[in-house]
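K.L.:
Chains as they are written, first to last, in the numbering used here: chain A, 1 to 265; chain B, 266 to 525. Every residue, glycine too, gets a C-beta built ideally from N, C-alpha and C.
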Ligand SMILES: Nc1ncnc2c1ncn2[C@@H]1O[C@H](COP(=O)(O)OP(=O)(O)O)[C@@H](O)[C@H]1O
Ligand SMILES: [Mg+2]
């Protein structure tokens, strides 16, 4: 693993103009360096600016001050090297599971011939174990399956960074655990760099190499960064009594509910 | 037979009886008003030779209806060709919306028949005039519904387009149109319905050919039973048009292709 930052968020501010000369300073002086192949989670109370950071990295919103560099290149527009998995899956309802992924592959991998496109799409459908549902439409499959298709679509364009905004937030806890396992397995296989936003303490510790804890807005910034020194693959059952796991968990709970408690939610 | 089926047949039949009774009473009170029986007999005669052609002004009922339908479809097709692109533009561009909106708001409430004399003066041709009037009739619902469809494309889908760096062209065909098509068809269905209403009045004014002209001509011939026949046939054709449009609209609506 190289030591130079793969993704460098360098002194970034984000200010939303509110009209009539008013403005809201959402982020102030956010600094974060992310290594290649790392899984990083960003945790914080709702409204602190987690989605804002992710949208800046994705290029879906503009930076007010500072710069974000991916492999030393400045980010100023969306692009397929930064794939996004949205909270509400955002699959196109008029396309089947297969077609949703195919559409992305066809656009981004224009070098592939039809047979290669097919193989490529199938490979990513298999990666999320959805071969049996490949001809179904989004309305015909469960929320967890939709989110898996969303992940497969994002990975199929072979991004440098996978950005996930509370990807499992809308799912029940059993489905959520199942998808977390899928994600860990896939990351082991593909070695993607992943940034995942969550407000779930266990999810953050289970999935990530580092947990980025954010202070509350306005002028939110990074409060603490926690290293999770647990080897992959991780097993949720055995971790339950693991010292390191419990310490990490404790540190995040301490941060969220004592140091930066939010009382108005 | 299930109770529902019996009702579905019995209730309209009952009402039919009432309508015939009212009609007969009116026919007795107003001298010269055709009775239901006279009208029925006339209908059989009219339908027995629907395709006769004795030259201008004297043609069978099917030919009259066909020429009305031709004009309606001509104007309707033009309205789609112009209205859908304009609607897409207005839906996608705030500037276009600002530019077009005042004119749409002012022109939309104008009866299409108000354009008729102007069109007649410009084209000096009955067919062209009728087609133009139908065009003006049909275009507003198509523009408005197309723009509405475009604006109903969710931000999430547009973000997908951005991340994949779709070109504007790809964005229109792969993201916007699939969402907007059901709205466009709703607009088309509305338009076609109004167009069929308007063509009758337009043809009464332009004369020469068409079901509207035919009805007015039969009024001048004191042939009142034919007016009633005309009304019924216009209704039946309008109903068929609407059913076909509804059928096509459902076919192009991804939400109705066997899934929720
Ligand atoms: N487009 C916008 N205009 C104004 N304020 C915004 C906008 N987007 C987000 N905000 C504000 O910025 C803050 C952070 O939002 P967000 O990043 O969505 O929070 P979260 O951590 O819950 O994802 C919130 O207070 C929100 O109201
Ligand atoms: Mg959020």
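Please report whether the beta-carbon of residue 37 (chain A) lies at a distance below 8 Å from any beta-carbon of chain B.
P.N.:
For the purposes of this step, residue 37 (chain A) is identified with residue 37 of the first chain, where counting begins at 1. False, the Cβ-Cβ gap to chain B never drops below 8 Å.
K.L.:
Just to confirm, are residue 402 (chain B) and residue 445 (chain B) a CB contact at a threshold of 8 Å?
P.N.:
Working through the second chain from its first residue, we reach residue 402 (chain B) at position 137. Working through the second chain from its first residue, we reach residue 445 (chain B) at position 180. Result no, Cβ atoms of residue 402 (chain B) and residue 445 (chain B) do not sit closer than 8 Å.
K.L.:
By the 7 Å beta-carbon criterion, what residues does the segment 402-427 of chain B contribute toward chain A?
P.N.:
Listed in sequence order: 421, 422, 424, 425, 427.
K.L.:
Rank B:457, B:484, B:434 by C-alpha distance to the C-alpha of residue 469 (chain B) and give the top, closest one.
P.N.:
Taking the second chain and counting its residues from 1, the one referred to as residue 469 (chain B) is at position 204. Looking at the Cα atoms, B:484 is the closest of the given residues.
K.L.:
Can you have a look at residue 370 (chain B) and say buried or exposed, based on whether 16 or more other CB atoms are within 10 angstroms of its CB?
P.N.:
Within the second chain, numbered from 1, the residue matching residue 370 (chain B) stands at position 105. The residue is exposed, with fewer than 16 neighbouring Cβ atoms inside 10 Å.
K.L.:
Buried or exposed: where does residue 481 (chain B) fall if 16 or more other Cβ atoms within 10 Å of its Cβ makes it buried?
P.N.:
Numbered from its first residue, the second chain carries residue 481 (chain B) at position 216. Per the 10 Å Cβ criterion, buried.
K.L.:
Assuming residue 125 (chain A) and residue 136 (chain A) form a contact by the criterion Cβ under 8 Å, report the distance between their Cβ atoms to the nearest whole angstrom.
P.N.:
Locating residue 125 (chain A) in the first chain gives position 125, counting from the first residue. Locating residue 136 (chain A) in the first chain gives position 136, counting from the first residue. Not quite, the Cβ-Cβ distance comes to about 11 Å (not below 8 Å), so this is no contact.
K.L.:
What does residue 65 (chain A) pair with, by DSSP beta-bridge criteria?
P.N.:
The count along the first chain starts at 1 and reaches residue 65 (chain A) at position 65. Answer is A:13, bridged to residue 65 (chain A).
K.L.:
Which runs of the alpha helix (DSSP H) spanning at least 4 residues fall entirely within the segment 371-418 of chain B, listed in chain order?
P.N.:
The qualifying runs are 381-388, 391-416.
K.L.:
When you compare each of A:90, A:151, A:48 to residue 216 (chain A) by their alpha carbons, which one comes out closest?
P.N.:
Locating residue 216 (chain A) in the first chain gives position 216, counting from the first residue. Checking every option, the nearest Cα to that of residue 216 (chain A) belongs to A:48.
K.L.:
What does the alpha-carbon distance come out to for the pair residue 40 (chain A) and residue 54 (chain A)?
P.N.:
Taking the first chain and counting its residues from 1, one reaches residue 40 (chain A) at position 40. Taking the first chain and counting its residues from 1, one reaches residue 54 (chain A) at position 54. C-alpha separation (whole angstroms): 12 Å.
K.L.:
Taking a cut of 7 Å between CB atoms, which residues from the segment 83-100 of chain A lie near chain B?
P.N.:
Listed by position, the residues of the segment 83-100 of chain A near chain B (Cβ gap below 7 Å) are 83, 84, 86, 88, 90, 92, 93, 94.
K.L.:
In terms of alpha-carbon separation, which member of B:350, B:422, B:437 lies closest to residue 404 (chain B)?
P.N.:
Counted from its first residue, the second chain places residue 404 (chain B) at position 139. Ranking the options by Cα distance to residue 404 (chain B), first place goes to B:350.
K.L.:
How about residue 268 (chain A) and residue 253 (chain A): do their beta carbons lie closer than 8 Å?
P.N.:
No answer is possible for residue 268 (chain A): the residues shown for chain A start at 1 and end at 265.
K.L.:
Counting only beta-carbon separations shorter than 8 Å, does residue 7 (chain A) have a partner in chain B?
P.N.:
If you number the first chain from 1, residue 7 (chain A) lands on position 7. Cβ-Cβ to chain B under 8 Å: no for residue 7 (chain A).
K.L.:
Measure the alpha-carbon distance for residue 241 (chain A) versus residue 72 (chain A) and round it to whole angstroms.
P.N.:
Within the first chain, numbered from 1, the residue matching residue 241 (chain A) stands at position 241. Within the first chain, numbered from 1, the residue matching residue 72 (chain A) stands at position 72. Cα-Cα distance, rounded: 41 Å.
K.L.:
Between residue 61 (chain A) and ligand 2, is there a pair consisting of the residue's CB and a ligand heavy atom that are separated by less than 7 Å?
P.N.:
Here the question's residue 61 (chain A) lines up with position 61 in the first chain. No, since every heavy atom of ligand 2 falls outside the 7 Å radius drawn around the Cβ of residue 61 (chain A).
K.L.:
Just confirm the distance between the C-beta atoms of residue 330 (chain B) and residue 476 (chain B), as a whole number of angstroms; I'd bet it's less than 8 Å.
P.N.:
The residue you call residue 330 (chain B) lines up with position 65 of the second chain. The residue you call residue 476 (chain B) lines up with position 211 of the second chain. 5 Å between Cβ atoms; contact.
K.L.:
Should residue 130 (chain A) be labelled buried (16 or more other beta-carbon atoms within 10 Å of its own) or exposed?
P.N.:
Position 130 of the first chain, counted from the start, is the residue given in the question as residue 130 (chain A). Counting Cβ neighbours within 10 Å, residue 130 (chain A) comes out buried, since at least 16 surround it.
K.L.:
So for residue 41 (chain A), helix, strand or coil by DSSP?
P.N.:
Looking up residue 41 (chain A) in the first chain gives position 41. In this structure, residue 41 (chain A) counts as strand in the three-state DSSP scheme.
K.L.:
Grab the span of the alpha helix (DSSP H) containing residue 287 (chain B) for me, first residue to last.
P.N.:
On the second chain, position 22 is the one that residue 287 (chain B) refers to. Where residue 287 (chain B) is concerned, the enclosing alpha helix (DSSP H) stretches over 268-294.
K.L.:
Given a cut-off of 8 Å, decide if residue 345 (chain B) and residue 407 (chain B) are closer than it, judged by their beta-carbon atoms.
P.N.:
Position 142 of the second chain, counting from 1, holds the residue named residue 407 (chain B). Position 80 of the second chain, counting from 1, holds the residue named residue 345 (chain B). Yes, they are a contact pair.
K.L.:
Please check if any C-beta of chain A sits within less than 8 Å of the C-beta of residue 431 (chain B).
P.N.:
Position 166 of the second chain, counted from the start, is the residue given in the question as residue 431 (chain B). Chain A contact via Cβ: present.
K.L.:
How should residue 98 (chain A) be labelled, buried or exposed, when 16 other C-beta atoms within 10 angstroms of its C-beta is the threshold for buried?
P.N.:
Counting from 1 along the first chain, the entry for residue 98 (chain A) is found at position 98. Classification for residue 98 (chain A): buried.
K.L.:
Is it true that the CB of residue 205 (chain A) sits closer than 8 Å to the CB of residue 248 (chain A)?
P.N.:
For the purposes of this step, residue 248 (chain A) is taken as the residue at position 248 of the first chain. For the purposes of this step, residue 205 (chain A) is taken as the residue at position 205 of the first chain. Yes, Cβ-Cβ distance for residue 248 (chain A) and residue 205 (chain A) is below 8 Å.
K.L.:
For a contact defined as C-beta to C-beta under 7 Å, what are the partners of residue 370 (chain B) on chain A?
P.N.:
Counted from its first residue, the second chain places residue 370 (chain B) at position 105. In chain order: nothing, as chain A lies at least about 26 Å away.
K.L.:
What are the start and end residues of the beta strand (DSSP E) that includes residue 31 (chain A)?
P.N.:
As a working mapping, residue 31 (chain A) is identified with position 31 in the first chain. Its beta strand (DSSP E) spans residues 22-34.
K.L.:
Does the beta carbon of residue 46 (chain A) fall short of 7 Å from some heavy atom of ligand 1?
P.N.:
Locating residue 46 (chain A) in the first chain gives position 46, where the first residue counts as 1. True, at least one ligand heavy atom lies under 7 Å from that Cβ.
K.L.:
Should residue 164 (chain A) go down as buried or exposed, given a rule of 16 or more other Cβ atoms within 10 Å for buried?
P.N.:
Numbered from 1 along the first chain, position 164 holds the residue referred to as residue 164 (chain A). Buried.
K.L.:
Can you pull the chain A residues whose beta carbon is under 8 Å from the beta carbon of residue 362 (chain B), in chain order?
P.N.:
For the purposes of this step, residue 362 (chain B) is taken as the residue at position 97 of the second chain. Per Cβ cutoff of 8 Å: no residues; residue 362 (chain B) is ~20 Å from chain A at best.
K.L.:
So, under 8 Å CB-CB, residue 425 (chain B) and residue 353 (chain B) are touching, yes? Tell me the CB distance rounded to an integer number of Å.
P.N.:
For the purposes of this step, residue 425 (chain B) is taken as the residue at position 160 of the second chain. For the purposes of this step, residue 353 (chain B) is taken as the residue at position 88 of the second chain. With 8 Å as the limit, residue 425 (chain B) and residue 353 (chain B) do not qualify as a contact, their Cβ atoms being about 19 Å apart.
K.L.:
Do residue 299 (chain B) and residue 493 (chain B) have their C-beta atoms closer together than 8 Å?
P.N.:
As a working note, residue 299 (chain B) is residue 34 in the second chain. As a working note, residue 493 (chain B) is residue 228 in the second chain. Against a cut-off of 8 Å, the Cβ pair of residue 493 (chain B) and residue 299 (chain B) comes out as a contact.
K.L.:
Can you give me the start and stop residues for the beta strand (DSSP E) that residue 83 (chain A) sits inside?
P.N.:
Taking the first residue of the first chain as position 1, residue 83 (chain A) is located at position 83. Element bounds for residue 83 (chain A): 82-85.
K.L.:
Find the nearest neighbour of residue 92 (chain A) within the set B:341, B:429, B:443, B:391, judged by alpha-carbon distance.
P.N.:
The residue given as residue 92 (chain A) occupies position 92 in the first chain. Residue 92 (chain A) has its Cα closest to that of B:443, out of B:341, B:429, B:443, B:391.
K.L.:
Is residue 51 (chain A) near ligand 2 - that is, is its Cβ less than 7 Å away from at least one heavy atom of it?
P.N.:
The residue labelled residue 51 (chain A) in the question sits at position 51 within the first chain. Within the cutoff, so yes.
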